[in-house]
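**Q** Quick one: structure below, then a few questions.
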Amino acid sequence: MGIIGTVTDALTGSTRNAPGTAGDDGSEGAYWCDDCGVRVRDVDVDAEGLGRDGEGVPRCPDCGDPMRFERATGSGCAC
């Protein structure tokens, strides 16, 4: 395969998710702590044992501040 074919294949490659990646487990995004840089996917909040504030927003496990929710766009991960 020549360089043109390689570049073409790379640019037109599949964007489907591999098994076990985001998009096939009900995840809609992730919670972020902007100060600490901590990220927890929405489907993992309970498994991580994060506390929640009065409105049900998860608290950062490092600093205890409420985390910001960021919705995933498309079918990819919320990273």
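Per the UniProt record's numbering, the very first residue in the sequence shown carries number 1; after that it's consecutive. C-beta: ideal position from N, C-alpha, C; glycine also.
(1) Which same chain residues, not among the five before or five after valine 57, have their C-beta less than 7 Å away from its C-beta?
(2) Name the two residues that bound the continuous beta strand (DSSP E) containing valine 45.
(3) Taking the continuous beta strand (DSSP E) assigned at residue 83, which residues delimit it?
(4) Under 9 Å between the Cβ atoms of arginine 41 and serine 27?
(5) What residues match up with glycine 26 in a beta bridge as DSSP calls it?
**A** Reading off the structure:
(1) Residue 57 sits at position 57 when you count from the first residue of the sequence shown. If we look at valine 57 and ignore the five residues flanking it on each side, its Cβ neighbours are Pro66, Met67.
(2) Counted from its first residue, the sequence shown places residue 45 at position 45. Here valine 45 belongs to no beta strand (DSSP E); instead the alpha helix (DSSP H) covers 45 to 48.
(3) This structure does not reach residue 83, given that the chain is present from 1 up to 79, and the question cannot be answered.
(4) Taking the sequence shown and counting its residues from 1, the one referred to as residue 41 is at position 41. Taking the sequence shown and counting its residues from 1, the one referred to as residue 27 is at position 27. Contact flag set, yes.
(5) Residue 26 sits at position 26 when you count from the first residue of the sequence shown. According to DSSP, which records beta bridges pairwise, glycine 26 is partnered with nothing at all.
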